[in-house]
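Visitor: Under the working numbering, think of the first position of the sequence shown as 37, with each following residue one higher.
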Amino acid sequence: MDKKWLYLIVLSLIWGTSFILIKKGLVGLTQIQLGSLRTVLTAIILFSVGLPTLKQIKKHQWKWIAISALVGTFFPAYLFAFAQKHIDSAVASILNSLTPLATAVLGYWAFSIYT
Numbered sequence: 037m038d039k040k041w042l043y044l045i046v047l048s049l050i051w052g053t054s055f056i057l058i059k060k061g062l063v064g065l066t067q068i069q070l071g072s073l074r075t076v077l078t079a080i081i082l083f084s085v086g087l088p089t090l091k092q093i094k095k096h097q098w099k100w101i102a103i104s105a106l107v108g109t110f111f112p113a114y115l116f117a118f119a120q121k122h123i124d125s126a127v128a129s130i131l132n133s134l135t136p137l138a139t140a141v142l143g144y145w146a147f148s149i150y151t
């Protein structure tokens, strides 16, 4: 088996099981606790990996990094936990897979306004 296929399978297992693990985590944790745990673990891992390059980031770029972190990591960690309290993990994963389509539609709409 090619190494690329192995990476794809491992990543699919990690990303695919996250919704099931959120649902199982909600048995013993509140939505806030679960979202906080996911956010803190992500921050620790990304900070340890990205520490050498943090000094290369210019001050004016931090605003965009913070916005990206809030939209891409912070909000989804909490919102998925809140949503999965009420819906099945399979439905949550299907709705999450629609993100690129929703982004394309919103992008088309947003950029057609300005042209």
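Using N, Cα and C, we set each Cβ at its ideal position, and we do this for glycine too.
Write down every uninterrupted run of the alpha helix (DSSP H) in the region 60-101 whose length is 4 residues or greater and which is fully enclosed by it, in chain order.
Guide: DSSP runs (the alpha helix (DSSP H)) wholly in the region 60-101: 67-86.
Visitor: State whether the region 106-124 contacts the region 137-144, with contact taken as three or more CB pairs (one from each stretch) at a distance under 8 Å.
Guide: Contact fails: fewer than three Cβ-Cβ distances are below 8 Å.
Visitor: Assign isoleucine 123 to one of three DSSP states: helix, strand, or coil.
Guide: Isoleucine 123: coil per DSSP, three-state reduction.
Visitor: Count the other CB atoms within 10 Å of the CB of phenylalanine 116; is the residue buried (16 or more) or exposed (fewer)?
Guide: With 16 or more Cβ atoms within 10 Å of its Cβ, phenylalanine 116 is classed as buried.
Visitor: Around the C-beta of alanine 126, are 16 or more other C-beta atoms found within 10 angstroms, so that it is buried, or is it exposed?
Guide: Under this definition alanine 126 is an exposed residue.
Visitor: Measure the beta-carbon distance from glutamine 33 to alanine 128 and round it to whole angstroms, keeping in mind my assumption that it falls under 8 Å.
Guide: It is not possible to answer for residue 33, since the shown part of the chain is limited to 37 through 151.
Visitor: Hey, phenylalanine 111 and glutamine 67: beta-carbon distance below 8 Å or not?
Guide: Taking 8 Å as the Cβ cut-off, phenylalanine 111 and glutamine 67 do not qualify as a contacting pair.
Visitor: At the level of alpha carbons, what is the spacing between asparagine 132 and proline 88?
Guide: C-alpha separation (whole angstroms): 32 Å.
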